[in-house]
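What follows is a set of notes on a single structure, which appears directly below.
Residue numbers (our numbering): 1 to 234.
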């Protein structure tokens, strides 16, 4: 199933330009053809193309269907990698494995302070369409880590910080409660500073381990998501 994305399809029947060009120029769709459009909020719309031009494609909704999101809310708060391609790879795989929100955080040891969020958003949308996810994950940030800690901890959520210590804390998988919404902090290549770690603990975050091996930032993020999804799937 080929999917197109339009966040405001209910009120604006013109596809975004990039989607319109892909639909009419690449896939050669024309007036009268049916296409499938998602709004990222769980709805799948069956539409008929009513008008096209060089860079536009107008549609009419014929049918809509809502799909429940059965996973808990998994918010992965992650520091951007020095190499932008690695965090983009992570975002794509995170979408495929079930993340609900990706929050880009800036820490003491973050090497990349400037980040192309628009490009990352496009990667997330593209991966969502490819994976046929009707609920598109949210992208937030970049946000300073101390600002994250200033937000009151929700008692209905579990909050974890993945941190490398000499004496490993409990494994993340063992600490996750089935059905709980989850926030998971993943640090940069140089890890969180001791001050950041202490502030996280003071703010109600639980220290956890991802295993015996030292992982790259993007690998750690992906592993954490998979553990959360797996725990809620059995």
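Glycine included, each C-beta is placed from N, C-alpha and C at the ideal position.
Treat the numbers as computed from the prediction; the structure is a model and nothing was measured.
Using the Cβ count rule (16 or more neighbours within 10 Å means buried), how would you classify residue i?
i: residue 18; result: exposed
i: residue 2; result: exposed
i: residue 233; result: exposed
i: residue 178; result: exposed
i: residue 27; result: exposed
i: residue 6; result: buried
i: residue 119; result: exposed
i: residue 65; result: exposed
i: residue 107; result: buried
i: residue 9; result: buried
Which partner residues does residue i have in the DSSP bridge list?
i: residue 202; result: In DSSP, residue 202 forms no bridge with anything.
i: residue 165; result: According to DSSP, residue 165 bridges with nothing at all.
i: residue 144; result: 106
i: residue 135; result: 41
i: residue 47; result: 35, 61
i: residue 226; result: Looking at the DSSP assignment, residue 226 forms no beta bridge with any residue, so it has no partner.
i: residue 72; result: DSSP output for residue 72 lists no bridge partner at all.
i: residue 182; result: 74, 158
i: residue 171; result: 209
i: residue 52; result: 57
i: residue 3; result: 36
Could you check whether the Cβ of residue i sits closer than 7 Å to any heavy atom belonging to the ligand FAD?
i: residue 175; result: Ligands displayed in this structure: none; no statement on the ligand FAD is therefore possible.
Considering only the beta carbon of each residue, do residue i and residue j sit closer than 8 Å?
i: residue 200; j: residue 176; result: no
i: residue 90; j: residue 196; result: no
i: residue 30; j: residue 49; result: yes
i: residue 111; j: residue 144; result: no
i: residue 46; j: residue 34; result: yes
i: residue 44; j: residue 36; result: yes
i: residue 67; j: residue 134; result: yes
i: residue 180; j: residue 72; result: yes
i: residue 140; j: residue 225; result: no
i: residue 109; j: residue 32; result: no
If distances are taken between C-alpha atoms only, which option among the options comes closest to residue i?
i: residue 188; options: 171, 216, 138, 44; result: 216
i: residue 171; options: 87, 231, 140; result: 231
i: residue 14; options: 59, 21, 24, 7; result: 59
i: residue 203; options: 142, 159, 16; result: 159
i: residue 169; options: 227, 193, 212; result: 212
i: residue 84; options: 221, 63, 137, 116; result: 116
i: residue 137; options: 223, 146, 22, 69; result: 69
i: residue 173; options: 108, 54, 227, 87; result: 227
i: residue 54; options: 109, 21, 198, 223; result: 21
i: residue 56; options: 113, 87, 12, 88; result: 12
i: residue 87; options: 63, 142, 132, 9; result: 142
Does any residue of chain B bring its CB to less than 8 Å from the CB of residue i?
i: residue 79; result: In the displayed structure, chain B is absent; only one protein chain is listed.
Q.
Would you call the stretch 155-172 in contact with the stretch 38-49, where contact means no fewer than 3 C-beta pairs closer than 8 Å?
A. no
Q) Are the stretch 175-192 and the stretch 206-221 touching, with three or more C-beta to C-beta distances below 8 Å? A) yes
**Q.** the stretch 120-134 / the stretch 89-108 touching (three or more Cβ pairs under 8 Å)
**A.** yes
Q | the stretch 75-89 / the stretch 103-111 touching (three or more Cβ pairs under 8 Å) | A | yes
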